[in-house]
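Visitor: The structure's right below; bear with me while I get my questions together.
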Amino acid sequence: MSFFISDAAAQAAGAAEQPGIEGLIFPLAILVFFYFLFIRPQSKRAKEQKAMLGALAKGAEVVTTGGVLGKVASVDDNFVKLEVADNTFLQVQRHAIANMMPKGTYKTVNKKAKV
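Throughout, our numbering is defined as the position within the sequence shown, counted from one, plus 888.
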């Protein structure tokens, strides 16, 4: 007993509107769009970050996520010891390294700071 729509009209409307493959094209296109726009670039960045952290070695010049520039003094499984000034060391977590800098960046910055 339906007060708003008669039962016969509701059954007829449901039988006439059965979407086929055409009804799936738009949602699938949206999923593919979001994959190429968001998921793929993020996984690519994560892979590059993992490779960079794997290549950390003593003497590499790096910048942390906090913006601290330093030279790697020692590398552990979980921590990295950075030399940020003469005989001044910071110990940071390995995943806090944002990127590696070209050789000579650390010396150039220290020379400018001393002058």
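No residue lacks a Cβ here, since even glycine has one placed at the ideal position from N, Cα and C.
With DSSP as the reference, please indicate the residues paired to A973 in a beta bridge.
Guide: For the purposes of this step, residue 973 is identified with residue 85 of the sequence shown, where counting begins at 1. Its beta-bridge partners are T976.
Visitor: Can you name the start and end residues of the alpha helix (DSSP H) that M940 belongs to?
Guide: Start at 1 with the first residue of the sequence shown, and residue 940 comes out as number 52. M940 -> alpha helix (DSSP H) spans R928 to G942.
Visitor: Taking the beta strand (DSSP E) that G958 falls in, what are its first and last residues?
Guide: On the sequence shown, position 70 is the one that residue 958 refers to. That run of the beta strand (DSSP E) goes L957 to V963.
Visitor: Leaving out five residues before and five after T993 in sequence, what residues of the same chain have Cβ atoms less than 6 Å from its Cβ?
Guide: The residue given as residue 993 occupies position 105 in the sequence shown. Around T993: E949.
Visitor: Leaving out five residues on either side along the sequence, give the residues of the same chain with a beta carbon under 8 Å from the beta carbon of T953.
Guide: The count along the sequence shown starts at 1 and reaches residue 953 at position 65. Hits under 8 Å: A984, I985 and A986.
Visitor: Could you give the DSSP three-state label for N966: helix, strand or coil?
Guide: One-based indexing of the sequence shown puts residue 966 at position 78. Three-state DSSP puts N966 in coil, outside helix and strand.
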